[in-house]
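Those protein sequence lines, which keep their order, are chains A and B. For the record, in the first sequence the residue sitting at position 1 is 9 according to the numbering used here, with numbers rising by one throughout. For the record, in the second sequence the residue sitting at position 33 is 116 according to the numbering used here, with numbers rising by one throughout. Contents: one structure, followed by commentary.
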Amino acid sequence: MRKLVIIPAYNEQGGIVKTVRDVKAHAPEFDFIVINDCSTDRTLDICREHGFPVVNLPVNLGIGGGVQTGYVYAFRHGYDIAVQFDGDGQHNARYLNEMAEKLMEEQLDMVIGSRYIKKEGFQSSGLRRLGIRYFTWLIKLITGQKITDPTSGMRMANRDVIELYAKNYPKDYPEPESVVTILKKGKKVEEVPVQMNAREEGVSSISPKKSVYYMIKVTLAILIAALRR
Amino acid sequence: MSLKIQIIVAIVLVLALASIINMVRKEALDIRFALSWLSVGIIVLIFDIFPSAMDWLVHLLGIELPVNMMFFFGFCFTLFLVFGLTTKVSRQAEQLKRLTQEMALLEKSLENAKEKEEQ
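See the structure below:
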């Protein structure tokens with residue numbers, strides 16, 4: 009069973025080393041790959057200095073294109089399991105083994121790390137939580153399944169989903185839409201409770217100005233994903 | 084429409100058409116994109132040389148003023164063209180993304196091969 013941690017990184021010079029150390033310490037059976045999305049800071053140099061395996065995108069693709077690169081890599085290198093894991097220290101690697109066990113034992117297609125099952129750790133701001141709750145409601149309406157943390161970037165996929173995502177993955181704000189896509193294909197998705205940390209380094213990709221666009225775009229994307237087969 | 088303005092418009096159109104063809108000749112413009120511009124240029128040129136053709140069409144469509152028809156068709160043409168460009172940009176964004184990913188992955192596998200060689 010080969011397992012890969014995909015670490016998308018855009019200007020994460022302050023958090024990338026800590027993230028990789030966390031993965032090495034708590035999930036040693038996992039291989040990992042950093043996807044450097046054309047960072048303008050020293051992210052790439054730091055990865056090279058430490059000897060981290062890096063896929064270096066020559067053009068900035070945004071989170072969707074970056075993560076998809078990881079899935080393509082996982083697919084071509086024959087990995088059975090791949091997990092997205094943010095490079096900014098928000099995610100905790102101590103949950104990875106638990107997620108992989110759940111994925112295998114329950115024969116699931118995807119396991120999402122959710123902040124909102126036990127409601128512990130960093131819970132995001134009030135307004136964002138409201139937005140996330142709205143997406144939970146919308147996804148439940150469309151697919152009939154409750155995903156408590158549809159925006160979670162901590163998601164573990166089996167070989168089937170790796171292949172699907174390698175072929176097709178949204179370009180921006182991909183998480184809720186791509187969950188709907190696989191649910192519509194009849195894939196089994198479950199969540200496990202995790203704690204996340206408040207961001208220490210870097211800035212969120214969703215600024216207040218962009219949040220209106222985010223809500224509209226993701227809503228439309230979910231509705232269209234529901235129309236696809 | 085006075086003869087003077089007709090002649091000026093005709094000259095401008097012919098110059099524009101000539102420069103489009105010249106750009107295609109020098110491969111500065113893809114012929115697929117030049118086609119819609121060439122055809123719209125030729126249509127306007129026909130209406131310019133034969134204003135009676137325009138009167139006939141205006142009458143046929145029941146539009147009051149020829150100028151209204153020109154604005155209407157001009158606007159439709161522009162919308163059509165802009166939408167065509169939007170779809171092309173979407174497709175190219177996808178192609179560019181794939182190329183970028185392939186290039187990065189290729190670089191990675193080259194690195195791996197080099198490392199293996201050195202060992």
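C-beta: ideal position from N, C-alpha, C; glycine also.
Limits of the unbroken beta strand (DSSP E) element including residue i
i                : result
Lys11 (chain A)  : Lys11 to Ala17
Asn100 (chain A) : First-last for Asn100 (chain A): undefined, no H or E at that position.
Ala165 (chain A) : Arg163 to Asn166
Asp39 (chain A)  : Asp39 to Asn44
Glu177 (chain B) : Premise fails: Glu177 (chain B) lies in the alpha helix (DSSP H), Pro149 to Glu201, not in any beta strand (DSSP E).
Gly121 (chain A) : Met118 to Ser122
Val200 (chain A) : Val197 to Pro201
Ile89 (chain A)  : Ile89 to Gln92
Asn105 (chain B) : Where Asn105 (chain B) is concerned, there is no enclosing beta strand (DSSP E), although the alpha helix (DSSP H) it sits in stretches over Leu86 to Arg108.
Val244 (chain A) : In the structure as shown, chain A starts at 9 and stops at 237, and residue 244 (chain A) therefore has no counterpart that could be examined.
Residue environment, residue i, which counts as buried when at least 16 other CB atoms sit within 10 Å
i                : result
Asp113 (chain B) : exposed
Asn1 (chain A)   : Only positions 9 to 237 of chain A appear in the structure, and residue 1 (chain A) is not among them; the question remains open.
Asn64 (chain A)  : buried
His142 (chain B) : exposed
Val42 (chain A)  : buried
Met162 (chain A) : buried
Asp53 (chain A)  : exposed
Leu138 (chain A) : exposed
Glu201 (chain B) : exposed
Tyr103 (chain A) : buried
Ala111 (chain B) : exposed
Ala108 (chain A) : buried
Pro134 (chain B) : exposed
Closest Cα partner of residue i within the set the options
i                : options                                   : result
Val150 (chain B) : B:Met137, B:Leu121 and B:Leu189           : B:Met137
Ala206 (chain A) : A:Thr151, A:Glu199, A:Arg123 and A:Ala233 : A:Arg123
Leu121 (chain B) : B:Ile132, B:Phe133, B:Ala101 and B:Thr169 : B:Ala101
Met118 (chain A) : A:Tyr222, A:Val220 and A:Val188           : A:Val188
Leu149 (chain A) : A:Gly23, A:Ala234 and A:Glu57             : A:Ala234
Gly95 (chain A)  : A:Gly59, A:Ala108 and A:Ile24             : A:Ile24
Gln131 (chain A) : A:Thr159, A:Ala229 and A:Leu191           : A:Thr159
Ile14 (chain A)  : A:Gly59, A:Tyr87 and A:Ala33              : A:Tyr87
Contact set between residue i and chain A, taken where Cβ atoms lie within less than 9 angstroms
i                : result
Ala196 (chain B) : What Ala196 (chain B) touches in chain A: nothing, since even the nearest Cβ is about 14 angstroms away.
Leu188 (chain B) : Val63, Thr77, Val80, Tyr81 and Arg84
Lys191 (chain B) : Ile41, Pro61, Val62, Val63, Asn64 and Tyr81
Contacts of residue i in chain B (Cβ-Cβ under 9 angstroms)
i                : result
Val197 (chain A) : Those do not exist, as Val197 (chain A) stays about 25 angstroms from chain B at its closest Cβ, beyond 9 angstroms.
Cross-chain neighbours of residue i in chain B, by beta carbon under 7 angstroms
i               : result
Leu69 (chain A) : Lys180 and Thr183
Limits of the unbroken alpha helix (DSSP H) element including residue i
i                : result
Glu57 (chain A)  : Thr51 to His58
Glu114 (chain A) : From DSSP, Glu114 (chain A) is part of no alpha helix (DSSP H); its letter is neither H nor E.
Pro134 (chain B) : Pro134 to Leu144
Arg137 (chain A) : Gly134 to Thr151
Met187 (chain A) : First, the amino acid is wrong: residue 187 (chain A) is Val here, not Met. Residues Glu183 to Lys192.
Thr227 (chain A) : Pro216 to Leu235
Thr27 (chain A)  : Ile24 to His34
Val75 (chain A)  : Gly70 to Arg84
Residues that residue i contacts on chain B, provided the C-beta gap is smaller than 8 angstroms
i               : result
Gly95 (chain A) : By Cβ distance, chain B contributes nothing, its closest Cβ being about 16 angstroms from Gly95 (chain A), past 8 angstroms.
Gly73 (chain A) : Lys180, Thr183 and Gln184
Cβ-heavy atom distance, residue i to the ligand HEM, below 7 angstroms
i                : result
Leu146 (chain A) : Here there are no bound small molecules, and the ligand HEM is not part of this structure.
(message) Would you call the region 151–170 of chain B in contact with the region 30–50 of chain A, where contact means no fewer than 3 C-beta pairs closer than 8 angstroms?
(response) In short, these stretches do not touch, since the Cβ pair count stays below three.
(request) Pair every Cβ in the region 108–123 of chain A with every Cβ in the region 198–205 of chain A, then say whether three or more of these pairs are closer than 8 angstroms. (result) Two segments are said to touch when three or more pairs of C-beta atoms, one from each, lie closer than 8 angstroms; by this definition the region 108–123 of chain A touches the region 198–205 of chain A.
(message) Quick check: the region 13–27 of chain A against the region 43–53 of chain A, are at least 3 beta-carbon pairs closer than 8 angstroms?
(response) yes
(request) Tell me, please, whether the region 67–77 of chain A touches the region 166–180 of chain A by the rule of three or more beta-carbon pairs shorter than 8 angstroms. (result) yes
(message) Under 8 angstroms: do the region 132–146 of chain A and the region 73–88 of chain A share three or more Cβ pairs, one atom per stretch?
(response) no
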